[in-house]
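Under the working numbering, the first residue of the sequence shown carries the number 116, and numbering increases by one thereafter.
Every residue, glycine too, gets a C-beta built ideally from N, C-alpha and C.
The model shown is predicted, which means the values in this text are computed figures rather than measured ones.
These notes concern the structure reproduced below.
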Amino acid sequence: MTSAEAKRLEALYALEILDTPREERFDRITRTAVRLFRMPKSLLAFVDETRAWVKSEVGTSIDWVPRESSFSELAIESDEPVVVPDARSDPRFAGHPLVVGPDRIRSLAAHPLRTPDKHRVGALLVMDSEPHDFSEEELEALTDLCRLAEEELADIEHARLLKLETESQARVRAVMDATSEGILLIGRDRVVGYHNRRFLELFGLKREQIDGHPLASLDGVIDRVFDEPDEFRRKMDEADEYPDGVTRFPVKQHYPGIRDLEVYSAPVTDREDRDLGRLHAFRDVTKEREAERIKDEFVSLVSHELRTPLTSIKGYVDLLIDGDAGEITEEQKEFLEIVKSNSDRLVMLVNDLLDVSRIEAGRINLRLQPVDMADSINEVAMSLRPLMEQKRQSLRLELPKDLPQVMADRDRVAEIVTNLLSNAHKYTLEGGSVTVQAQVAGGEVQVEVSDTGVGMTPEERDKLFTKFFRAQNPATQDVSGTGLGLNIVKSLVDKQGGRIWVTSEPMKGSTFTFTIPIDGTQAPETTAAEAAPARAPLTKVGARILVVDDDPDHAGLFRHFLERGGYQVLVAHDARTALQTAQREGPDLITLDVNLPDTDGFTLLEWLKADPATTSIPVIMLSVVDDTGRGRLMGAVDYLQKSTIDERVLLSHVGSIVRSQEPQVVLVADDDHEIRSQIAGHLRRAGHEVLEAADGEQALQAVRGVQLPTLALLDLRMPRLDGLGVLRALRHDEAILSLPVVMMTDNPGMSASDRSAIDRLGASVLLHKPCSAEELAELIGHGLEKEDA
Ligand code: ADP
Numbered sequence: 116m117t118s119a120e121a122k123r124l125e126a127l128y129a130l131e132i133l134d135t136p137r138e139e140r141f142d143r144i145t146r147t148a149v150r151l152f153r154m155p156k157s158l159l160a161f162v163d164e165t166r167a168w169v170k171s172e173v174g175t176s177i178d179w180v181p182r183e184s185s186f187s188e189l190a191i192e193s194d195e196p197v198v199v200p201d202a203r204s205d206p207r208f209a210g211h212p213l214v215v216g217p218d219r220i221r222s223l224a225a226h227p228l229r230t231p232d233k234h235r236v237g238a239l240l241v242m243d244s245e246p247h248d249f250s251e252e253e254l255e256a257l258t259d260l261c262r263l264a265e266e267e268l269a270d271i272e273h274a275r276l277l278k279l280e281t282e283s284q285a286r287v288r289a290v291m292d293a294t295s296e297g298i299l300l301i302g303r304d305r306v307v308g309y310h311n312r313r314f315l316e317l318f319g320l321k322r323e324q325i326d327g328h329p330l331a332s333l334d335g336v337i338d339r340v341f342d343e344p345d346e347f348r349r350k351m352d353e354a355d356e357y358p359d360g361v362t363r364f365p366v367k368q369h370y371p372g373i374r375d376l377e378v379y380s381a382p383v384t385d386r387e388d389r390d391l392g393r394l395h396a397f398r399d400v401t402k403e404r405e406a407e408r409i410k411d412e413f414v415s416l417v418s419h420e421l422r423t424p425l426t427s428i429k430g431y432v433d434l435l436i437d438g439d440a441g442e443i444t445e446e447q448k449e450f451l452e453i454v455k456s457n458s459d460r461l462v463m464l465v466n467d468l469l470d471v472s473r474i475e476a477g478r479i480n481l482r483l484q485p486v487d488m489a490d491s492i493n494e495v496a497m498s499l500r501p502l503m504e505q506k507r508q509s510l511r512l513e514l515p516k517d518l519p520q521v522m523a524d525r526d527r528v529a530e531i532v533t534n535l536l537s538n539a540h541k542y543t544l545e546g547g548s549v550t551v552q553a554q555v556a557g558g559e560v561q562v563e564v565s566d567t568g569v570g571m572t573p574e575e576r577d578k579l580f581t582k583f584f585r586a587q588n589p590a591t592q593d594v595s596g597t598g599l600g601l602n603i604v605k606s607l608v609d610k611q612g613g614r615i616w617v618t619s620e621p622m623k624g625s626t627f628t629f630t631i632p633i634d635g636t637q638a639p640e641t642t643a644a645e646a647a648p649a650r651a652p653l654t655k656v657g658a659r660i661l662v663v664d665d666d667p668d669h670a671g672l673f674r675h676f677l678e679r680g681g682y683q684v685l686v687a688h689d690a691r692t693a694l695q696t697a698q699r700e701g702p703d704l705i706t707l708d709v710n711l712p713d714t715d716g717f718t719l720l721e722w723l724k725a726d727p728a729t730t731s732i733p734v735i736m737l738s739v740v741d742d743t744g745r746g747r748l749m750g751a752v753d754y755l756q757k758s759t760i761d762e763r764v765l766l767s768h769v770g771s772i773v774r775s776q777e778p779q780v781v782l783v784a785d786d787d788h789e790i791r792s793q794i795a796g797h798l799r800r801a802g803h804e805v806l807e808a809a810d811g812e813q814a815l816q817a818v819r820g821v822q823l824p825t826l827a828l829l830d831l832r833m834p835r836l837d838g839l840g841v842l843r844a845l846r847h848d849e850a851i852l853s854l855p856v857v858m859m860t861d862n863p864g865m866s867a868s869d870r871s872a873i874d875r876l877g878a879s880v881l882l883h884k885p886c887s888a889e890e891l892a893e894l895i896g897h898g899l900e901k902e903d904a
């Protein structure tokens, strides 16, 4: 079969007309033909592979004839009307079955029928058993009738395509409705073009509420659904500004359910590349975020738990090495050094984990100050040189003399450089070289750490900076690591307003480059608590110190350090004994652990402050929790982080002088009674006066009442007027414009955009509920510092 014939048959079969019942629309044509030509027979046939199948006829009662002996075939072959005035005098039909057979056809005209695509699929015939001279006029009429038949064919074709289209649309809709993402198409004209069922479910909408509505008319819906409607609109507009771009952004909704969503937005074009608008897919990521939060909390908890015993191990090993427990042999010393270096490693790992979890909870504070990058690099290089020499690696520093200072956190900068340099050392083979260069580039100091090491593939490079990523190649397998370093490095660089990137080639080497702004404008501000200058150790020889700690190992360690500093030490392991000892002995100072077996350190602190005999004894709170807030809040004079305490730190704190702590009037606005009383309780115990409000309106009334608070804690979501609403109202009122505000939210994963809305209005900090007293106190500290500034 020729390909033209194959196509012709395909077009015929697509009409789905073969072997179908008679239809008036074709009968009408054959009927008209017999009348017009005054000939008794007419038929309309379609020619498939083997036969001419008759769709309509007058005067013949033929169903079909074999293709090769059909007149229709003649018309199809010639593509012209075949006209036979008298078959008997036409040699072509000498033995033709229709001529010599019972039908006795003597005259005929056959005109081909074409589909819209010009495939000749059949023919229209008029026939007579008498001779017939066809006039020009008659032949034109035949052509006209054929055109009518062809229009019917076009109609069939059209209906078929329409059906296909409808079916495929229904299929697409079914698929779209079955997807778990809410899908919304907004046309170029900013009108809702399409949405799926999930979209309606997600936002509690009915089809008629949005179908065909312009986006601008959906403001009410947006206000009702999203936590930050303005932010959502801004993000949608921003997405619009990048017609070629695909963007993703997080949003939070509180109606009809509380969900974390991720919006994927992409431009949509049809097959002809015509712009159809933008597609927005809303994915519910609430469970993922929750899982992340639980995992982070777990990591944080485990790390805290690990730090306590580690502190003991480290402290006692130090004492042993220092000979405090008697002379030790060289071999014992060597072994102890191994224990020490491994516990140091373990501390580092735990600290890495804690760093990650703190960074993720947004709880890392920077101590910004002018930092000489060259100094930092030199220091780190010096400490790593011995390691590099062991691997016969060369280390070259190219640091210009006039490098300006950057505004950064000195320790964090050192952490970044240490990490990059130690990676360069770890992932470079023996005898390789590492170079550190620094230079000024566009208001930033740019530091490059390059090595001639094992490098990495583009795929590995893409995964760099993600948590726990370690390349799986033989060159890195023998090197120990956690895969957390670069993740922390990136966060630290980001937090200080810089950028970090990498270029690398397998087995050639890698270059890590990071920048830190010179003026530090983009870096978040420091907290006064951390920025406080280190106090010089003062020792009051002979002073008596009461060490209160439930862990005898810790207590023993402190006793040792303090005794070496010339103090007399008393120890108590629980709160009741501690109180009795304090009342009886009147120590010069008390160090107080937060965790005690009978009650917590804060309660003991309250008892001590309530008793005239002990109220003036300075107290230092000790905790494994790195939070400086609660101790201060409770009226403790100082606060120490237990896991990093070494002798110097301890002595310096012990020797420091008491700072005063004025009570404050704090407004607590939260519709959740339990949370509100919990927070109020923390505050009252610390000596603060508390005003309570159950919603935003009450909060505003309280602020405008007799007693002006010095600080307000506002729940983000409250009935009648939410936290943001209160904040806005405050910022419009001259009298209370400068009231420091701490926003509270249930949501630990609050996005940067949420924060920015709040920041614009000048709330100082965000507090995640349920909050610990430590967090609360820290935030109060921040709020009041801002006011002082
Ligand atoms: P760790 O070194 O503890 O594994 P990092 O986060 O510092 O964790 O690094 C992650 C991974 O990135 C490493 O395991 C290594 O595969 C790759 N990597 C980091 N620095 C380099 C480097 N300079 N050259 C080659 N690969 C590196």
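Secondary structure in the stretch 651-715: the alpha helix (DSSP H) runs of 4 residues or longer, each lying completely within the stretch, are 667-679 and 690-700 in chain order. Per DSSP, the unbroken beta strand (DSSP E) holding R229 starts and ends at S222 to R229. K516: not part of any beta strand (DSSP E); DSSP gives it neither H nor E. For L425 against L461, the beta-carbon gap comes to about 6 Å, under 8 Å, which counts as contact. Per DSSP, A331 lies in no beta strand (DSSP E) segment and is marked neither H nor E. Contact annotation: S537 and S509 have beta-carbon atoms that are not nearer than 8 Å.
Between I144 and L276, the C-beta spacing is not below 8 Å. L711 and D439 have their C-alpha atoms roughly 28 Å apart. Excluding residues up to 5 positions away in sequence, T626 lie with their Cβ nearer than 6 Å to the Cβ of T618 in the same chain.
A distance below 8 Å between beta-carbons, with the five flanking residues on each side excluded, links T718 to the following residues of its chain, in chain order: A690. Check the Cα spacing between L268 and each of D375, Y370 and A238: the tightest is with A238. Judged by their CB atoms, R525 and Q484 are nearer to each other than the 8 Å cut-off.
The continuous beta strand (DSSP E) containing M242 extends over residues R235 to D243.
Distances taken from the Cβ of K541 to the heavy atoms of the ligand ADP include one shorter than 7 Å.
If only complete runs of 4 or more residues are kept, the stretch 271-319 shows the alpha helix (DSSP H) at 312-318, in order along the chain.
Exclusion of S118 from the 7 Å shell around the ligand ADP follows from its C-beta lying no nearer than that to any non-hydrogen atom of the ligand. I373 and V528 have their C-alpha atoms roughly 39 Å apart.
Taking 7 Å as the cut-off, the C-beta of M488 does not count as close to any heavy atom of the ligand ADP.
Boundaries cannot be given for Q611, as no alpha helix (DSSP H) includes it and DSSP labels it neither H nor E.
Inclusion of S625 in the 7 Å shell around the ligand ADP follows from its C-beta lying nearer than that to a non-hydrogen atom of the ligand. Nearest to V495 by alpha-carbon distance, out of F397, V149, M522 and L535, is L535. Annotation: the continuous beta strand (DSSP E) that includes H395 extends over D390 to D399. Taking 7 Å as the cut-off, the C-beta of F584 counts as close to a heavy atom of the ligand ADP. Relative to the ligand ADP, the beta carbon of V569 is positioned inside 7 Å of a heavy atom.
V821: not part of any alpha helix (DSSP H); DSSP gives it neither H nor E.
In the structure shown, the three-state DSSP call for F584 is coil. The stretch 540-558 and the stretch 579-596 touch, with no fewer than 3 CB-CB distances between them shorter than 8 Å.
For the set G430, A148, T572 and D470, the Cα lying nearest the Cα of L416 is the one of D470. Selection S187, G327, R235 and K350 evaluated against A160 yields S187 as nearest (Cα-Cα). Under the three-state reduction of DSSP, D830 is assigned to strand. Assigned with DSSP and collapsed to three states, Q484 falls in strand. Shown here for A274: not one same chain residue has a beta carbon closer than 6 Å to its own, the five before and five after excluded. Put simply, the backbone Cα of L782 is about 17 Å away from that of R835. By the beta-carbon neighbour count (other beta carbons within 10 angstroms, threshold 16), D837 is buried.
Burial state of T729 is buried, judged by a 10 Å Cβ sphere holding 16 or more other Cβ atoms.
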